[in-house]
Amino acid sequence: MTIVLRTEGLTKRFGALTAVDRLDIEVREGEVFGFLGPNGAGKTTTLRLLCALIAPSAGSAEIAGLRLGRDDERIRGSVGILTEHPGLYERLTATENLMFFAALYGMEKRQARAQVERFLRLMGLWEKRDDAVVTFSRGMKQKMAIARAALHEPRLLFLDEPTTGLDPDAARTVRDLILSLAREGRTVFLCTHNLDEADRLCDRIAFFRRQVIRIDEPDRLRAELYGRTVEIRVVPTPRPEHLERVRTVHGVREAWLENGSILVRTDDPLGTDPAVVRELVGAGADIAFVSERRVSLEDVYLKIVHDQEDAEKAPARP
Amino acid sequence: MTLAARASRTTIIGAVCGREWREAAGNKLLVGMTLFPPVVILAAGVFAVAAAAVYPPSESDLRAIYAAAPAVQGLDPTQAVQGLIAQYFLILFMLIPTVVPLTIAIYSVIGEKSARTLEPLLATPVGVGELLLAKSIASTVPAVLVTWVAYVIYLGSVFVFGSPPAVHAVTAPRWVLAVIVMVPLLTALSVNLGILISTRVNDVRVAQQIGGLVVVPIVAIGIAQVTGRVVLDDQSFFSTTIFLIAVDVIVFFAAKVAFQRENILSRWR
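The listed protein sequences correspond, in order, to chains Z and U.
Just remember that the numbering used here sits 27 ahead of the position in the first sequence, which is counted from 1.
Just remember that the numbering used here sits 1309 ahead of the position in the second sequence, which is counted from 1.
Right, dumping it as structure tokens:
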């Protein structure tokens, strides 16, 4: 698979403050890559570095086949960025805003008009094309800003909190757009605090706090940190001996009672779960249902971030 | 494949000017602040020249006028006063290219800062130098045009209401050249100073107060000429023009240094 973004030791310092510290990542063409981290972790600075808006203090990066620091102008033409704030010209109409940026991206007028129409229709704003942006709701402005970022068909699209402040309907439109862009083969680099959104959209995610803490697929991270958890509902209620029997099954990492169910954590659900069910049935339990309990990405995120915080606080060994 | 290409400098300047002018046209406060100074100066100038024709000067006024401007001695009192007024108002016309573009330039940068539109703009494949040049042109052109239009109207009014010495004063080659050459130079100076100041402050009013200092030398020259301390002859016009060109270049480069992508994104607050 083609690598569209690669950084090696990318670092950004502002005086004594290191905002981004030796960033090493690879992003594959066509994937939705989630970039998650707490406030002040350096996500926006990273985005600005990767969009050639600010210069790195150290390290290197290759973006869309172009070298950061050498091909900055071409990098800016090859990527699109949704900034933290929509930053639209409010006295201008939707069409005027997008046509202005199309001109700066060097698009021909006819091509620009076609792209403006395409994205305004895609965002459900075509009927408002001649209205001044000042009359738009926050959600409409955010959609306009996304249209502006994608207008010139960039290979790599950087989105900073794209659904913040949007109503559920507008948020869905944005998520659908992200997925459709990914289906077209475009790469989306998504900075978000919305972990549910990251879970739904991202092929891989990076947990970041000045440095990358972990990068992987969401499901693999869940499995690694928490294993797989199944919920076995026993009616009327599970008895203590049921729990004891479950704990004796080979492959069970952990088992506990919760709200009338037995919860079982295992690394190999396909091998272990049938044995657990057999054991319970053998012990006379009446099983109403068995279902997988998904650990939320929020739990994964908090565990990773807190583990790192603990590691930083721990005194160094002599 | 991305559709982006390198936009030509003409396209960038055209796009930025078109966008800034459309936005400015929708900003009633900015339009008012742009048109107010030239309208006031023009109206006052026309009124003063016309009034001098209707109300001849008193003996004491005349003595003061002859003392301040020995060149008009021997002329008919009304003609002398009109000639003097017509010429002195030309100095006030030099205030227009310092005041008007300053307001436009300040709004052009501080407006973008407060609306947070600079980051998306800087994310395009356009050099900051080109962007600054485009912004400078977008602020300079309307101010120069407004001044020239005001000057033409003033000329027409002096032709209608003024005496031959008044017409002679306002059509003197030195003044025509001053309007053609020095107005754009003063405008460019004011614009780039406005941009430079706007990089350091976030409030339009504060920027205007600081930028207002630009008018001080113009007013000083006007006062010096009225009191007879300075004579604006060909040599002084030439020296001032050279000085303005040099200052324009220095201030443009200072603005260019302040108007850097990383400074704007990391340090401007």
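We treat Cβ as the ideally placed atom computed from N, Cα and C, and that holds for glycine.
Measure the beta-carbon distance from Ala1362(U) to Val1500(U) and round it to whole angstroms, keeping in mind my assumption that it falls under 8 Å.
Between Val1500(U) and Ala1362(U) the Cβ distance is about 38 Å, and since that is not below 8 Å, they are no contact.
Using a 10 Å radius around the Cβ and a threshold of 16 neighbouring Cβ atoms, would you call Arg101(Z) buried or exposed?
Buried, because 16 or more other Cβ atoms sit within 10 Å of the Cβ of Arg101(Z).
Does Leu1431(U) come within less than 8 Å of chain Z when only Cβ atoms are used?
So, interface residue.
On the CB-based measure, 16 or more other CB atoms within 10 Å of its CB, does Ile1504(U) come out buried or exposed?
Result: buried.
Could you have a look at Ser288(Z) and say whether DSSP puts it in helix, strand or coil?
Residue state, collapsed to three classes: strand.
Is the Cβ-Cβ distance between Val31(Z) and Arg49(Z) less than 8 Å?
Against a cut-off of 8 Å, the Cβ pair of Arg49(Z) and Val31(Z) comes out as no contact.
When you compare each of Leu1430(U), Ile1321(U), Met1491(U) to Phe1546(U) by their alpha carbons, which one comes out closest?
Comparing Cα positions, the closest option is Met1491(U).
Give me the chain Z residues within the contact set of Asn1336(U), using Cβ-Cβ distance strictly less than 8 Å, ordered along the chain.
The answer, in chain order, is Arg118.
Between Lys330(Z) and Leu252(Z), how many whole angstroms is the CB-CB distance? I'm expecting something under 8 Å.
Their Cβ separation, rounded to whole angstroms, is 6 Å, which keeps Lys330(Z) and Leu252(Z) in contact under 8 Å.
In chain U, what lies closer than 7 Å to Ala82(Z) by C-beta?
The answer, in chain order, is Glu1571.
Taking the continuous alpha helix (DSSP H) assigned at Glu53(Z), which residues delimit it?
Glu53(Z) -> not in any alpha helix (DSSP H); beta strand (DSSP E) instead, spanning 44-55.
So is Glu87(Z) in contact with chain U if we call contact Cβ pairs under 8 Å?
A quick correction: the sequence has Ser, not Glu, at residue 87(Z). Cβ-Cβ to chain U under 8 Å: no for Ser87(Z).
How far does the beta strand (DSSP E) with Ile86(Z) in it reach, from first residue to last?
Here the sequence assigns Gly to residue 86(Z), which means Ile is not the residue at that position. 85-90 is the extent of the beta strand (DSSP E) around Gly86(Z).
Cutting at 7 Å between CB atoms, please list the residues of its own chain near Leu1351(U), excluding the five before and the five after it.
Hits under 7 Å: Ala1459, Ile1462, Tyr1463.
Examine the Cβ distances between the stretch 238-249 of chain Z and the stretch 199-218 of chain Z and report whether three or more of them are shorter than 8 Å.
Touching, no.
Check the Cβ of Gln138(Z) against every Cβ in chain U and list those closer than 9 Å, keeping chain order.
Going along chain U in sequence order, the residues near Gln138(Z) (Cβ under 9 Å) are Leu1312.
Among all the DSSP beta bridges, which residues are the ones paired with Thr214(Z)?
Beta-bridge pairing links Thr214(Z) to Leu183(Z).
How far does the beta strand (DSSP E) with Glu35(Z) in it reach, from first residue to last?
Per DSSP, Glu35(Z) belongs to the beta strand (DSSP E) from 30-41.
Measure the CB-CB distance between Thr1426(U) and Gly114(Z) and report whether it falls below 8 Å.
For Thr1426(U) and Gly114(Z), yes; Cβs fall inside 8 Å.
For Ala282(Z), does the three-state DSSP call read helix, strand or coil?
It is a strand residue.
Give the single residue among Met167(Z), Asp300(Z), Pro301(Z), Met28(Z) whose Cα lies nearest to the Cα of Pro195(Z).
It is Met167(Z) whose Cα lies nearest to the Cα of Pro195(Z).
In chain U, what lies closer than 7 Å to Ala130(Z) by C-beta?
Within 7 Å Cβ-Cβ: Ala1316, Thr1320, Ala1324.
Do His179(Z) and Thr1496(U) come within 8 Å of each other at the CB atom, strictly closer than that value?
Cβ atoms of Thr1496(U) and His179(Z): not closer than 8 Å.
Taking contact to mean 3 or more Cβ pairs, one atom from each stretch, closer than 8 Å, check whether the stretch 1384-1403 of chain U and the stretch 1474-1481 of chain U are in contact.
Judged by Cβ distances under 8 Å, the stretch 1384-1403 of chain U makes contact with the stretch 1474-1481 of chain U, as three or more pairs qualify.
Cα-Cα, which of Glu281(Z), Asp158(Z), Gln138(Z) is closest to Thr256(Z)?
Considering only alpha carbons, the answer is Glu281(Z).
Could one say the Cβ of Gly104(Z) lies closer than 8 Å to chain U's Cβ atoms, at least one of them?
For Gly104(Z), the answer is yes, since a Cβ of chain U falls inside 8 Å of its Cβ.
Does the CB of Pro265(Z) have a neighbour CB from chain U at under 8 Å?
Cβ-Cβ to chain U under 8 Å: no for Pro265(Z).
Candidates Pro1473(U), Val1467(U), Thr1550(U): which alpha carbon is nearest Val1488(U)'s?
The candidate whose alpha carbon is nearest that of Val1488(U) is Thr1550(U).
Measure the C-alpha to C-alpha separation of Phe1470(U) and Ala1376(U) and round it to an integer number of angstroms.
If I take the Cα positions, the gap works out to 25 Å.
Is the CB of Arg175(Z) under 8 Å away from at least one CB in chain U?
True, the Cβ-Cβ gap to chain U drops below 8 Å.
To which residues of the same chain is Gln238(Z) closer than 6 Å at the C-beta, ignoring the five residues directly before and after it?
For Gln238(Z), where only same-chain residues beyond five positions count, the Cβ hits under 6 Å are Asp48.
Say the cut is 7 Å; is the CB of Gly92(Z) nearer than that to a heavy atom of the ligand MG?
The ligand MG is not part of the structure shown, which contains no ligands of any sort.
Ignoring anything shorter than 3 residues or poking outside the stretch 133-211 of chain Z, list the beta strand (DSSP E) runs there in chain order.
Segments of the beta strand (DSSP E) lying fully in the stretch 133-211 of chain Z: 183-187.
Are the C-beta of Ser1423(U) and some C-beta of chain Z separated by less than 8 Å?
No - not a single Cβ of chain Z is within 8 Å of the one on Ser1423(U).
Report the option in Thr214(Z), Glu268(Z), Ala177(Z), Gly151(Z) whose CA atom is closest to the CA atom of Arg199(Z).
Closest by alpha carbon: Gly151(Z).
For Ser1575(U), return the contacting residues in chain Z, with the cut-off set at a CB-CB distance below 7 Å.
Near Ser1575(U) (Cβ distances below 7 Å), the residues of chain Z are Phe41, Ile81.
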